[in-house]
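Q: Taking the working numbering, the leading residue of the sequence shown gets 1032, the next gets one more, and so forth. Take a look at this one; I'll ask things after.
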Amino acid sequence: MADHYEVLGVERDASQEEIKKAYRRLARELHPDVNPSEEASERFKSVTHAYEVLSDPDSREKYDLGGSGGDFGFGGFGSFGDVFEQFFNAASGGASRSGGGRPRSRAERGQDALLRVDVGLEEVIAGTHRDLEVATAVRCETCGGSCCAPGTQPVTCDICRGTGHVQRQMRSLLGTVMTSVPCGTCRGHGTVIPYPCAACGGEGRVRATKTIPVDIPAGVDTGVRIQLRGQGEVGPAGGPNGDLYLEITVAHHDVFSRAGDDLLATLEVSMTDAILGADAILDGLDGEVRVAVPAGVQSGAAITVKNRGVGRLRGAGRGDLRIAVQVITPEGLSGKEKELVQKLKASRRDSAPRFMTFKQGLFARLRERFHGVF
């Protein structure tokens, strides 16, 4: 068999870039679409074969150790660790990393992907739908994932005869042994692709943007991950898809916050409404909310509106809307308003300001109430 370096017309110390340039030059000259002669076809196979070996650093190193004949016989000692690795592979019956002597499939599972999705607090109450644009690897439509140019197919490797492995004789500290190693020419596949698909470069997949419809369930929170099986990248050579994971981030809201499945808010109440009580209709995240403010309500009191919180991620129903009351003391009263307040004070005969015990004090009660709410 001709030397691979001679086939490509490069020196044995040629760089990877020089090897690539030589292959491209010969491929343009010998490709069947350009030169349909039988001789050119055979040369194109040889050129592709040589490039597959020399373009991979590992297979090139093994080829160089085997000499110009390409039979991968042992031509010198590798590292001390390589000797023992090869020896123990032989001692275990020639099993290799690629499957115990069987050709390795080109098709592999695609990688998983992670996508971060921002949602609003209002969207997690009942869940929402999104059509996500995802840049990923998809199966090549030109070759259908076969990696081959249309009308062609892989051919049996003439080095390993389709087994994906070659026998290699090694001299070790324990003597001469025979071991089975993955074929450097076909990389353990048992076949080579003489005419790679031009659209995908022989990968069987291309980069593209696709739309994935997603139903985001109610109750998700920041940090929750949603797994979409089979929506990740397609594998090489038409292998199965990996999974797509969505990591949720819930955006901050200026009015409402969240504690588990409950929504939290603060309601400002005027002094007169705090004294007399009031009914209020407010804008909630999912429509109007009717809130009944009881007469005599104090700052820090909690008002609960049932079933107006966030839908539960696991289980049925919703949490509650919990509201902390903040009574607003009016400022800048007119003379007439001050007179009315003074009359109210005189009629009530309230006690003068005084210290209270810590347990009964305002700060203690506020802390207990707000902690109860939040």
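Where a beta carbon is used, it is the ideal one built from N, C-alpha and C, also for glycine.
Given this structure, state the Cα-to-Cα distance separating ILE1247 from ARG1385, to the nearest angstrom.
A: Approximately 55 Å between the Cα atoms of the pair.
Q: My guess is that LEU1275 and LEU1146 are in contact by the Cβ rule of under 8 Å, so how many angstroms apart are they, rounded?
A: Correct: roughly 6 Å between the Cβ atoms.
Q: Let's see if you can read the secondary structure: which residues bound the beta strand (DSSP E) around GLU1299?
A: Here the beta strand (DSSP E) through GLU1299 covers 1293-1301.
Q: Could you tell me which of GLN1258, GLU1092, ILE1190, SER1177 sits nearest to GLY1266, measuring between CA atoms?
A: Selected option, being the one with the closest Cα: SER1177.
Q: Check whether the Cβ atoms of ILE1156 and ASP1317 lie closer than 8 Å to each other.
A: Yes. Within cutoff.
Q: May I ask which residues mark the beginning and end of the alpha helix (DSSP H) holding SER1288?
A: Counting along the chain, SER1288 falls outside any alpha helix (DSSP H), though it belongs to the beta strand (DSSP E) covering 1288-1290.
Q: What do you reckon, are the CB atoms on SER1330 and VAL1356 nearer than 8 Å?
A: Yes, the pair counts as a contact, with Cβ atoms nearer than the cut-off.
Q: Do VAL1041 and ALA1053 have their CB atoms nearer than 8 Å?
A: Yes. Within cutoff.
Q: To the nearest angstrom, report how far apart GLY1158 and ALA1230 are at their CA atoms.
A: One C-alpha to the other measures close to 41 Å.
Q: Give me the residue from GLY1270, ALA1282, ARG1236 with the minimum Cα distance to VAL1251.
A: Nearest option by C-alpha distance: ALA1282.
Q: In whole angstroms, what is the alpha-carbon distance linking SER1099 and HIS1035?
A: With a pLDDT of 38 at SER1099, under the threshold of 50, the predicted position of this residue should be treated as unreliable, though the coordinate-derived value follows. If I take the Cα positions, the gap works out to 8 Å.
Q: Give me, in chain order, the residues of the same chain whose beta-carbon lies closer than 6 Å to that of SER1077; leave out the 5 immediate sequence neighbours on both sides.
A: Excluding residues within five positions, the ones whose Cβ falls inside 6 Å are VAL1038.
Q: So, at 6 Å on beta carbons, what are the nonlocal neighbours of GLY1269 in its own chain, with the 5 sequence-adjacent residues on each side left out?
A: ALA1138, ARG1170, GLY1176, GLY1235.
Q: Since ARG1238 is in the beta strand (DSSP E), which residue starts that stretch and which ends it?
A: Start and end: 1236-1247.
Q: Closer than 7 Å by C-beta to VAL1186: which residues in its own chain qualify, once you throw out the five before and the five after it? Chain order, please.
A: Taken in chain order, the residues that qualify are THR1222, VAL1223, PRO1225.
Q: Less than 8 Å between the beta carbons of VAL1148 and LEU1277, yes or no?
A: Cβ distance < 8 Å, so VAL1148 and LEU1277 count as in contact.
Q: Can you give the Cα-Cα distance for ASP1293 and CYS1228, rounded to whole angstroms?
A: Going by the C-alpha atoms only, they are around 56 Å apart.
Q: Within 10 angstroms of the Cβ of LYS1241, are there 16 or more other Cβ atoms? Answer buried if so, exposed if not.
A: LYS1241 is exposed by the Cβ-count criterion.
Q: Where do the ends of the beta strand (DSSP E) carrying VAL1320 lie?
A: VAL1320 -> beta strand (DSSP E) spans 1318-1324.
Q: If GLN1142 sits next to GLU1264, beta carbons under 8 Å apart, how far is it from one beta carbon to the other, in whole angstroms?
A: Yes, GLN1142 and GLU1264 are in contact; Cβ-Cβ is about 5 Å, under 8 Å.
Q: Taking LEU1352 as part of the alpha helix (DSSP H), name the residues at either end of that continuous run.
A: Careful: LEU1352 lies outside any alpha helix (DSSP H), inside the beta strand (DSSP E) at 1352-1359.
Q: Distance check for ASP1285 and ASP1087, CA to CA, integer angstroms please.
A: Their Cα atoms are separated by approximately 57 Å.
Q: Starting from ALA1166, follow the beta strand (DSSP E) in both directions and report where the run begins and ends.
A: 1159-1170 is the extent of the beta strand (DSSP E) around ALA1166.
Q: Count the other C-beta atoms from every protein chain shown that fall within 10 angstroms of the C-beta of HIS1160, then say buried if there are 16 or more, exposed otherwise.
A: The residue is exposed, with fewer than 16 neighbouring Cβ atoms inside 10 Å.
Q: Which same chain residues end up closer than 6 Å to ARG1321 when comparing Cβ atoms and leaving out the 5 residues on each side of it in sequence?
A: The answer, listed in chain order, is ILE1312.
Q: Measuring only the C-alpha atoms, how far is ALA1144 from ILE1279?
A: So the two alpha carbons sit approximately 14 Å from each other.
Q: Answer with buried or exposed for THR1210, where buried requires no fewer than 16 other C-beta atoms within 10 angstroms of its C-beta.
A: Flag for THR1210 reads buried.
Q: Would PRO1271 be called buried (16 or more neighbouring beta carbons within 10 Å of its own) or exposed?
A: So PRO1271 counts as exposed.
Q: Buried or exposed, going by whether 16 or more other CB atoms sit within 10 Å of the CB of SER1382?
A: Label assigned to SER1382: exposed.
Q: Are the beta-carbon atoms belonging to THR1216 and GLU1083 less than 8 Å from one another?
A: Yes, Cβ-Cβ distance for THR1216 and GLU1083 is below 8 Å.
Q: Assuming ARG1349 and GLY1340 are in contact, meaning their beta carbons sit under 8 Å apart, how far apart are those beta carbons, in whole angstroms?
A: Confirmed, Cβ separation roughly 5 Å.
Q: Taking the straight line between their C-alpha atoms, what separation do you get for LEU1375 and GLY1291?
A: Rounded to whole angstroms, LEU1375 to GLY1291 spans 43 Å at the Cα level.
Q: Could you pull the start and end residues of the beta strand (DSSP E) that ILE1279 belongs to?
A: Counting along the chain, the beta strand (DSSP E) containing ILE1279 begins and ends at 1275-1281.
Q: I'd like to know whether the C-beta atoms of ARG1238 and ALA1168 end up nearer to each other than 8 Å.
A: Cβ atoms of ARG1238 and ALA1168: closer than 8 Å.
Q: Hey, would you say VAL1328 sits closer than 8 Å to ALA1296, going by beta carbons?
A: Not closer than 8 Å, so no.
Q: May I have the straight-line CA-CA distance separating ILE1334 from PRO1361, to the nearest angstrom?
A: Each residue's alpha carbon lies about 22 Å from the other.
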